[in-house]
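Engineer: Heads up: the sequence shown runs through residues 0 to 793, numbered per numbering that gives the first Met the number 0. Built from N, CA and C at the ideal position, the CB exists for glycine as well. Encoded as structure tokens, here's the structure I'll be asking about.
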Amino acid sequence: MNCYHCGEECQEEHLYYKDKNFCCNGCKTVFEILETNHLSYYYELEQAPGISPKTNKNRFAFLDDAEIAAKFLEFQDGDLSIVSFLIPSMHCSSCIWILENLKKLEPGIQSSQVDFPRKTIRLSFRNQSVSLREVVILLTRLGYEPNISLDNFEKKEEKVDRQLIYRLGVAGFAFGNIMFLSFPEYFELREFWLEQFKPVFRWLMFFFSLPVVFYAASDYFSSAYKGLRSKMLNIDIPIALGIIVLFVRSSTDILLNLGSGFFDSLSGLVFFLLLGKFFQQKTYRFLSFERDYKSYFPIAVTRLRSENGCFEEEQVQVYQIRKGDRIVIRNAELIPMDGLLLSEEASIDYSFVTGEAEPVSCKKGDHLFAGGRQQGGLIEIEATKEVKQSYLTQLWSHESFTKKTEKSFKTLTDQISRRFTLSVISIAILSGIFWLFYDSAQALNVFTAVLIIACPCAIALAAPFTLGNLLRIFGKNRLYLKNASVIEKMAGIDTIIFDKTGTITATGKKQISYEGITLSEEEMELLSSSLRASNHPLSRSLYALLKRHHIKVPEDFEEIPGKGILSRQGNNHMKIGSTSLLGQPSSTENFQKTQVHISNNEEYKGYFTFQNLYREGTAALFQQLSKNYEVILLSGDNQGEERRLKEMLPKNVQMHFNQKPGEKLEFVKRLQQQGKKVMMVGDGLNDAGALAASDVGIAISEDINVFSPACDGIIDARSYQQLARFLKISQGGISIIQWSFLLSLAYNLVGLGFAISGNLMPVVAAILMPLSSISVVVFTTFLSNLISRKIKSV
């Protein structure tokens, strides 16, 4: 049965309401809210459009603090407040519809506007009627929890650079008008009034070209100058040279009344070049590829303040926490600073920091580190360091773990630019010298004509349009790359490194198996009842498997920290936990496996083994990749599942365990020193150094809007098994660019034939230059779409 609201399978709960199935009370409550307020049209727009809501109101208590709330508000004047939030779970038309109708659910909300591409909502509300905290709780109850973190709290207003759009607009406007004014010249019409106004048309074309040359094309001049200053012949040098020659020769033609010049070709050249840049400039504004620990940290925590001998809770900003403060951490909350455990026990999940999959059992007085997540009930800790001095922040701030500066990566276009530039200039000079002796009157015309027709417009467009289109294809398939150059890097990869925990394993899921004497129904009931009363993560996982049995409250129950559970019901005395609790010898074979042992009335029954649940398609993906790449598994986890992995993965996959963050980084660097091109696929802070150092760093995420380390790309976990396909498409994209270069070369050879022979007419240039650009755009777009469909069907 699937939930009517969110579409997820009804596993933990199975509720019926008005002949509909719901997976939890949260989904059922949302349905009731929408139906009561006559907003059930929400379900007519999409089938199962909702997200299962999480309604822990205590998490947003910090928003009642006026100082914290003021950081989020864009505007506040008297009773009116305006705020914007990122809503990661927004995914369909139903989401847009309900979010823009929030005022029907809460009268204090005046208006709400959704920006779907950025996944943001802008709300105006009356703060005398509804508080910021109540607005956030309403969104969370509906399943649209805002993404609120320390990074949001400190983030400055993002400045959007629209210079490329402005330049493209200027070039397009000028190109259209110049083409219109050039028509009489193309067809040599002798109509009286056209002849009379021909000089006016020519000077109008000149004035339209001025903003094109001196504004729209300015980046090409700047890039060419930087290339020459660095003694590098980049592709922008022949482009800038071609633009200058086009403009000077065309201006000379109309000044001396020799013709209309090449203003149409000039404006068309710049327009198509800028269009290529714009097409390649695909960004995913709702994603960040440069996140750090602040995207993971809460804005505020609960501090215990001593008042007349009693402790009272208060919400404070994490940066206000000082050494010695007592902090309350609830289930699933993150520890934002190093501290000492004051509670009797805790189970801390450090997988994000260390890569170790299993939670660490801690006792009173143990040191806890920032970045750990409490698994179980409420605990108290005493801060030993401030947030900015914690182990996690020092680890992230280390220069080895900061995002790499862009390496000197030469694109395919860069690789041919030097030879092409030298060839063009050489042909132009040699042609000029030949005509200087053969017919000196034609020498200058031939020299400039070669530079004009050989301007590599089509070559410069091949890569931007191919890679820009592939960038969109990848995005539709849930691989979001930082920029188009990452695709070229992916095509050159020969070694792929995978992290284990959270990367090839499914987050928060376990595969549980039992070995031993079959338990009776009565024993199963007592086992389930005992596990239900425990907050230990393993107990919760095992209870989720066994809870179909009749649940009773045990007559006696005792949980021994670090060992397990003692429970009694009637004549059954059950022990659940470690071998030491049961008085059984430990097996060296299973020492690194996570196991829970069972005995009843001092009779040993057996044990449950907990193993990682690997993502669907992992074995097939490694099988595909190992045929063409060197594949390595690099894990911070122990060797407990090495045998299982060897059975599941191809034999040529290398495996290295117990790798600390620094060791992962050094491993990548050693491979690169051997001349390897390395792709790293990871998920947590423990992978950040390796992701930064690798040639291509891909972060895998269950939720692409939540924290991911600094990386070159983010892949949705649902598309993880398609990684081999993405790599193959990248290689196909490079082949398309190479074929486009050949097509462009053919156009240049034809044009050079006209130019060198002294027969280049404005009409020839006006036809060849736009035609070569348009044909390359069509060619690359068609083939890039074709290879993506072809590979998808394999």
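Can you list, in chain order, the residues of its chain whose CB lies under 7 Å from that of Gly696, leaving out five sequence neighbours each side?
Structural biologist: Result list for Gly696: Met679, Leu690, Cys710, Asp711, in chain order.
Engineer: Do Ile713 and Ser693 have their C-beta atoms closer together than 8 Å?
Structural biologist: Against a cut-off of 8 Å, the Cβ pair of Ser693 and Ile713 comes out as no contact.
Engineer: Here's a check: name, in chain order, each residue in its chain whose Cβ is nearer than 6 Å to the Cβ of Glu313, leaving out the five neighbours to either side.
Structural biologist: Excluding residues within five positions, the ones whose Cβ falls inside 6 Å are Arg302, Arg304.
Engineer: Which residues in the same chain have their Cβ closer than 6 Å to the Cβ of Gly681, if we skip the five residues on either side of it in sequence?
Structural biologist: Here the set comprises Asp498, Thr502, Leu690.
Engineer: Should Leu525 be labelled buried (16 or more other beta-carbon atoms within 10 Å of its own) or exposed?
Structural biologist: Counting Cβ neighbours within 10 Å, Leu525 comes out buried, since at least 16 surround it.
Engineer: At which residues does the alpha helix (DSSP H) containing Tyr15 begin and terminate?
Structural biologist: Not the alpha helix (DSSP H): Tyr15 falls in the beta strand (DSSP E), residues 14-16.
Engineer: So what's Phe778 in DSSP terms, helix, strand or just coil?
Structural biologist: Three-state DSSP puts Phe778 in a helix.
Engineer: If distances are taken between C-alpha atoms only, which option among Leu670, Gly661, Gln673 comes closest to Ala687?
Structural biologist: Checking every option, the nearest Cα to that of Ala687 belongs to Gly661.
Engineer: Counting only the same chain and skipping the five closest in sequence on each side, list residues whose C-beta sits under 6 Å from that of Thr587.
Structural biologist: Model confidence at Thr587 stands at a pLDDT of 47, short of 50, so the residue's coordinates are unreliable and nothing is read from them.
Engineer: One question on the structure: do Pro794 and Asp348 come within less than 8 Å of each other, judged by their Cβ atoms?
Structural biologist: Since the first residue shown for the chain is 0 and the last is 793, residue 794 is missing from the structure and cannot be characterised.
Engineer: In whole angstroms, what separates the C-alpha of Asp76 from that of Ser123?
Structural biologist: So the alpha carbons of these two residues sit roughly 11 Å apart.
Engineer: Tell me which residue opens and which closes the alpha helix (DSSP H) that Asp252 is part of.
Structural biologist: It spans 235-254 - the alpha helix (DSSP H) in which Asp252 sits, taken as one unbroken run.
Engineer: If I follow the unbroken beta strand (DSSP E) through Val82, where does it start and stop?
Structural biologist: Per DSSP, Val82 belongs to the beta strand (DSSP E) from 79-85.
Engineer: So what does DSSP say about Tyr318, is it helix, strand or coil?
Structural biologist: If DSSP states are grouped into helix, strand and coil, Tyr318 belongs with the helices.
Engineer: How is Tyr143 classed by DSSP in three states: helix, strand or coil?
Structural biologist: Correct three-state label for Tyr143: coil.
Engineer: Throw me the rounded Cβ distance for the Ala505 and Arg614 pair, which I believe falls under 8 Å.
Structural biologist: Yes, Ala505 and Arg614 are in contact; Cβ-Cβ is about 5 Å, under 8 Å.
Engineer: Going by beta carbon distance, what residues of the same chain come within less than 6 Å of Arg248, once the five residues before and after it are set aside?
Structural biologist: Cβ neighbours of Arg248 beyond the five flanking positions: Thr447.
Engineer: Beta-carbon separation of Ser729 and Ala462 under 8 Å?
Structural biologist: No, the Cβ-Cβ distance between Ser729 and Ala462 is not below 8 Å.
Engineer: Assign Leu751 to one of three DSSP states: helix, strand, or coil.
Structural biologist: If DSSP states are grouped into helix, strand and coil, Leu751 belongs with the helices.
Engineer: Answer yes or no: do Arg201 and Ile234 have a C-beta to C-beta separation smaller than 8 Å?
Structural biologist: In this structure, Ile234 does not lie closer than 8 Å to Arg201 by Cβ.
Engineer: To which residues of the same chain is Ser92 closer than 7 Å at the C-beta, ignoring the five residues directly before and after it?
Structural biologist: Only Leu44, Glu45 meet the Cβ criterion.
Engineer: So for Gly107, helix, strand or coil by DSSP?
Structural biologist: In this structure, Gly107 counts as coil in the three-state DSSP scheme.
Engineer: Closest by CA to Leu272, which one among Thr494, Cys94, Gly171, Gly569?
Structural biologist: Of the listed residues, the one whose Cα sits closest to Leu272 is Gly171.
Engineer: Tell me, please, whether the segment 81-95 touches the segment 116-135 by the rule of three or more beta-carbon pairs shorter than 8 Å.
Structural biologist: The segment 81-95 is in contact with the segment 116-135.
Engineer: Return the residue from the list Leu255, Pro198, Phe262 that minimises the CA-CA distance to Asn176.
Structural biologist: Taking only the C-alpha atoms, the option nearest Asn176 is Phe262.
Engineer: May I ask which residues mark the beginning and end of the beta strand (DSSP E) holding Val327?
Structural biologist: Taken as a continuous stretch (DSSP letters only), the beta strand (DSSP E) holding Val327 covers 325-328.
Engineer: Going by beta carbon distance, what residues of the same chain come within less than 8 Å of Ser51, once the five residues before and after it are set aside?
Structural biologist: Cβ neighbours of Ser51 beyond the five flanking positions: Cys2, His4, Cys5, Glu7, Cys22, Cys23, Gly25, Cys26, Gly142.
Engineer: With a threshold of 16 other CB atoms inside 10 Å of the CB of Gln623, please say whether the residue is buried or exposed.
Structural biologist: It counts as buried.
Engineer: For Ile495 versus Val630, is the C-beta spacing smaller than 8 Å?
Structural biologist: In contact: Ile495 and Val630 (Cβ atoms closer than 8 Å).
Engineer: Cα separation between His596 and Lys574?
Structural biologist: Roughly 8 Å between the two C-alpha positions.
Engineer: Can you tell me whether Glu66 is helix, strand or coil according to DSSP?
Structural biologist: Correct three-state label for Glu66: helix.
Engineer: What does DSSP give as the partner residue(s) for Val359 in the beta ladder?
Structural biologist: According to DSSP, Val359 bridges with Ile347.
Engineer: With burial defined as no fewer than 16 other Cβ atoms inside 10 Å of the residue's Cβ, what is the status of Glu520: buried or exposed?
Structural biologist: Classification of Glu520: exposed, given that the 10 Å Cβ count is below 16.
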